[in-house]
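Protein sequence lines correspond, in order, to chains Y and Z.
With this note's numbering applied, the first sequence covers 343 to 886.
With this note's numbering applied, the second sequence covers 51 to 402.
Note that the Cβ used here is the ideal one computed from N, Cα and C, for glycine as well.
This one's a predicted model, so the numbers in the text were calculated from it and none came from an experiment.
Below you'll find the structure, written out as structure tokens, and then a few comments.
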Amino acid sequence: MTLQAFFYFFNVADILGIRELKNISWVLLSSFAVIVMAIVYVLPTVIPDTWPHKKINLGLDLQGGMHLVLEVDTDKAVESTLERISHEIRGDLKKEHIRHRGINLLKNLRLSIKINADNLDKFTGFMNSDYRDLRFLSKSVSNDLCTVFLALPEAEVKEIKKMAVDQAVETIRSRIDEFGVSEPDIRIQGENRILVQLPGIKKTERAKDLIGKTALLEFKLVDETHDLDAALKGTPPPGSQILYQFIENPDTGQVVKKPFLIKKRTALTGATLTDARLQIDPQYNEPYVSIKFDKKGTRDFSRVTGANLKKRLAIVLDNKVYSAPVIQDKITGGEARITGNFTTDEAHDLAIILRAGALPAPVRILEERTVGPSLGTDSINNGILAMYVGGIFVLLFMLIYYKGAGLVADFALVLNIILIAAGLAAFQATLTLPGIAGIVLTIGMAVDANVIVFERIKEELSIGRTPRGAMDAGYNSAALTILDANVTTLIAAFVLFQFGAGPVKGFAVTLGIGVVASLFTSLIVTRQIFDYFLKNRSVKTLSI
Amino acid sequence: MQLIKYDSNINFIGKRKIAFFLSVAFMVVSMASLVIHGGPKYGIDFAGGTLIQVKFMAKTSMDGIKGGLATIGLGKSTVQVFGDPKENEYLIRADALDTATEGLSLKVKKAVELSTGNDADIRRVEMVGPKVGSDLREKALFSMFFALLFIAIYISGRFEMKWLLSLGMAAALLSALFFVWKICIFFNFENSIPVLICVALIGTLVFFWFLKLKYAMGAIAAIIHDVVITVGIFSVLELDFTLSIIAALLTIIGYSLNDTIIVFDRIRENLRKHQNNSLEKNINKSINETLNRTILTSFTTLVVVVSLFVIGGSIIHDFAFAMIIGIFVGTYSSIFVASPILLVWDLFEKQV
């Protein structure tokens, strides 16, 4: 509601009789309706399984769980697209018999192609017909060598980045679904961040591994023509790289790094997997992951194994070697196994990850907040206890200080808390620990509106007005003041909601609902109660 | 029952000079502490880093925990008792380790269990990367600024009927801020946001001065006073500045303003009713008339916040503490900061 509309509402309310209450019925009726609705919405939280089945959601800090913010390295996705394109160009140039002197992928997501100057016309002609989408950046000529710089068009880069994030969300979602978490919340935040909330999860470390692994599965041949030791001392030969296998000693927990000299060229990737399962090797009682390829994968796998008999084929996951068995036979069945000293849990999780597929780009954990279930329960108990103690103190105080009128204010206060709870359930907002603090705070501040009115009424009584006159004057002159004073708190709550994250947002919501609820109870509900006694029951003195 | 008689006439405004020195002294101490400490002591929300809350099943020595942490390369982390010492709960704070956090909580659990010989329960892990930390810091500052700006618009609009003027002022400020911000980005000024916000705040006050928005000026000055002192006390006591403290500060802003508006409202009413009275007399009268309400509401709010502080649990502790400070300072400032500014303004205008 805009501010103007808000005031407009109050003007309308004036006309219709909130101020004068000549016509009690509709105000009374709608108040009753609000109260009944509030009770209906609170019921499912108090008594399980009642209509309308909208319970108050507890935040992760109260029910325990994990909150992660991941960043997708979208540049990597662009980089792999460029890499693919550079491969294509290389192949096409060969086909067209255009000689080049090197195609390189530069760090700033650009391609540089070196061409002999006398070949340039042919080359540009070819590029213009076959790779028109690429953005031509610049050209530098030195002697007879010409270097051309190319990049992907902005729009396509944007599209690739967006796709990478979307796909990452989908992949992470299917991994988590298979892992078995109830009501996970996974959503894109900003441009390249993903928010993952896993309520009630206990195996947090496993879940983190499951989400964070890129899971790029590659089969690469071991370079057996060059010497590993020489490569370790100097630089690896061109076309090969050093990758490590990590072997953990189950007794001491120490990890040993075992180096391998592995060819850079990927023989086969995990993109063609159709299935991955946890299996136990009956002979050694060791868990492993069995994988199955689809038709194309099966064909490729059989070709690779057939062409490289007696050679070692390394199974590499995220640039870590898992095993490098010697190919004994041509494998035509399209099945393979990944071994690597797994525990059953690790093998189980790896199977899930492989089934869900690789992330299009690596992700990095930017923020993690994990709350154990015991802490969550403690937080709720402490928060609610503080609410009771503070609440009872305020109720007693109002009763002692304002007597009969205090009782009315107390009723309004209790109603206020019910309204906040109902609001939380109805809007499906999340109650967090700061949210409970917000409710406690509202208890203290909600009586403010009544205090303002009551003090005004007392003032009016002291200058000799009748109870009824004093009440009317009190409410009338206090209404706008109360409204002004509360709008500022609403502004603070609104800003907090816009800028705050997680738990703080929960605080903003309860504070906001609390302010609106206290306006309703103090300006409308209590007034009707007073009116009822002063008018209908003809009470002559105000107990205030 | 009645706390203060209606005809009470305590001379609050007459003591404005004492109050002025008191406020200035507090603000100077706050600022000095902030300067000495190099800004607020940021918790991991804003500074980035890793925080682990561990509960031991039996009494454990701090040295034992530190020894265990040293074995896994976390020797530099700080360990502090969290909450009631009888609960054997500790907070471990380490620098942001980014990738190294993989399996960190399990490692910590094993290491401290081994070194202390007690079973440990990892109750909470929070890791905030440096990038997120600086993002949150920026967001927090912006939220404070926007809250002040919106409130300034509202007060100028409601109290002086200058909606258009205040909206225009806000728009001018915002666009100026935006351009300066863009320029800062262009020249790659790191951490330019705090400076920007300060400039914007001063700009806001100057605007108020020239546009003669005295009510807004008084209210905003009171808010700045409250926030500076609360942040200052946190800095003096070396308490962590976290996201929930930002929430507390914004609530304090709302609360303090609530108080100020109620006094201001009464001042306007009395100015209309008693036009023969001097401004000073009317302000004093208004403060006295609203004194009952001020004390009662502050008292009930204080009661609930103290109950949060005492029994609300360790996590909410600092939030409740900030609120306790805020209630005292906020109540004080609406009487001794916001209202005197109206008078001082008036005196100044008469002199000129």
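Same chain, Cβ closer than 7 angstroms to residue i, neighbours up to 5 away in sequence not counted
i: Thr-280(Z); result: Leu-299, Ile-302, Ala-372, Ile-375, Gly-376 and Val-379
i: Ser-373(Y); result: Ile-866, Val-867 and Gln-870
i: Gly-780(Y); result: Phe-849, Thr-852, Leu-853 and Gly-856
i: Lys-600(Y); result: Tyr-586, Gln-587 and Ile-589
i: Phe-521(Y); result: Ala-549, Leu-552 and Ile-694
i: Ile-366(Z); result: Leu-358
i: Lys-396(Y); result: Tyr-383, Pro-386, Ala-767, Ala-768 and Gln-770
Backbone CA spacing between residue i and residue j [nearest angstrom]
i: Ile-333(Z); j: Val-394(Z); result: 12 angstroms
i: Leu-363(Y); j: Asp-814(Y); result: Note that Leu-363(Y) scores 48 on pLDDT, short of 50, meaning its location in the model is unreliable; the coordinates nonetheless yield the value given after this. Roughly 10 angstroms between the two C-alpha positions.
i: Gln-103(Z); j: Gly-554(Y); result: 23 angstroms
i: Arg-316(Z); j: Gly-64(Z); result: 19 angstroms
i: Val-245(Z); j: Lys-847(Y); result: 26 angstroms
i: Leu-101(Z); j: Gly-786(Y); result: 32 angstroms
i: Ile-389(Y); j: Ser-155(Z); result: 37 angstroms
i: Arg-474(Y); j: Pro-495(Y); result: 10 angstroms
i: Val-162(Z); j: Ala-120(Z); result: 10 angstroms
i: Gly-282(Z); j: Ile-273(Z); result: 14 angstroms
i: Arg-143(Z); j: Ala-698(Y); result: 35 angstroms
i: Ser-632(Y); j: Arg-706(Y); result: 28 angstroms
i: Ala-835(Y); j: Met-211(Z); result: 24 angstroms
i: Pro-526(Y); j: Ile-722(Y); result: 21 angstroms
i: Lys-544(Y); j: Val-175(Z); result: 12 angstroms
i: Ile-799(Y); j: Thr-351(Z); result: 22 angstroms
i: Lys-405(Z); j: Leu-773(Y); result: This structure does not reach residue 405(Z), given that chain Z is present from 51 up to 402, and the question cannot be answered.
i: Leu-476(Y); j: Glu-560(Y); result: 29 angstroms
Buried or exposed (CB count within 10 angstroms, at least 16 for buried), residue i
i: Cys-488(Y); result: buried
i: Gln-539(Y); result: buried
i: Thr-784(Y); result: buried
i: Lys-335(Z); result: buried
i: Pro-667(Y); result: exposed
i: Asp-519(Y); result: exposed
i: Ser-482(Y); result: exposed
i: Phe-465(Y); result: buried
i: His-324(Z); result: exposed
8 angstroms Cβ shell around residue i - same chain, five flanking residues per side excluded
i: Arg-607(Y); result: Lys-562, Leu-563 and Gly-581
i: Arg-335(Y); result: In the structure displayed, chain Y extends from 343 to 886; residue 335(Y) sits before or after that span and is not available.
i: Phe-684(Y); result: Glu-628, Pro-629, Tyr-630, Val-631 and Leu-692
Contact list for residue i against chain Z, beta-carbon separation under 7 angstroms
i: Ile-785(Y); result: Val-354
i: Asn-724(Y); result: Ile-361, Gly-362 and Gly-363
i: Arg-619(Y); result: Residues of chain Z passing the Cβ test: none, with the nearest at roughly 25 angstroms.
i: Thr-772(Y); result: Under the 7 angstroms cutoff, chain Z gives no residues; its nearest Cβ is about 15 angstroms from Thr-772(Y).
Check whether residue i and residue j have beta carbons under 8 angstroms apart
i: Ile-888(Y); j: Arg-517(Y); result: Since the first residue of chain Y shown is 343 and the last is 886, residue 888(Y) is not available in this structure.
i: Ser-216(Z); j: Ile-203(Z); result: yes
i: Leu-822(Y); j: Ala-812(Y); result: no
i: Arg-810(Y); j: Leu-749(Y); result: no
i: Ile-391(Z); j: Gly-268(Z); result: yes
i: Thr-381(Z); j: Ser-348(Z); result: yes
i: Phe-62(Z); j: Ile-337(Z); result: yes
i: Ala-728(Y); j: Val-782(Y); result: yes
i: Gly-746(Y); j: Ser-885(Y); result: yes
i: Ala-541(Y); j: Gly-407(Y); result: At residue 541(Y) the sequence reads Pro, which differs from the Ala that was named. In contact: Pro-541(Y) and Gly-407(Y) (Cβ atoms closer than 8 angstroms).
i: Leu-708(Y); j: Lys-181(Z); result: yes
i: Ala-266(Z); j: Phe-258(Z); result: yes
i: Ser-460(Y); j: Pro-704(Y); result: It is Asp, not Ser, that sits at residue 460(Y) in the sequence shown. Result no, Cβ atoms of Asp-460(Y) and Pro-704(Y) do not sit closer than 8 angstroms.
i: Ile-530(Y); j: Leu-412(Y); result: no
i: Asp-403(Y); j: Leu-861(Y); result: no
Within-8 angstroms CB hit, residue i to chain A
i: Leu-447(Y); result: Among the protein chains of the structure shown, namely Y and Z, there is no chain A.
Nonlocal neighbours in the same chain, by C-beta distance under 6 angstroms from residue i, ignoring five residues either side
i: Glu-597(Y); result: One detail in the question is off: residue 597(Y) reads as Val in this sequence, not Glu. Excluding sequence neighbours, Val-597(Y) sits near Phe-588 and Glu-590.
i: Lys-159(Z); result: Ala-170 and Ile-172
i: Pro-579(Y); result: His-568
i: Ala-557(Y); result: Ile-695 and Ala-700
i: Glu-139(Z); result: Lys-105, Phe-132 and Gly-133
i: Tyr-305(Z); result: Gly-380
Per-residue contacts from residue i into chain Z (C-beta, under 9 angstroms)
i: Thr-863(Y); result: Residues of chain Z passing the Cβ test: none, with the nearest at roughly 15 angstroms.
Chain-ordered chain Z contacts of residue i [CB-CB under 8 angstroms]
i: Tyr-743(Y); result: Met-51 and Leu-346
Contact set between residue i and chain Y, taken where Cβ atoms lie within less than 7 angstroms
i: Asp-169(Z); result: Under the 7 angstroms cutoff, chain Y gives no residues; its nearest Cβ is about 13 angstroms from Asp-169(Z).
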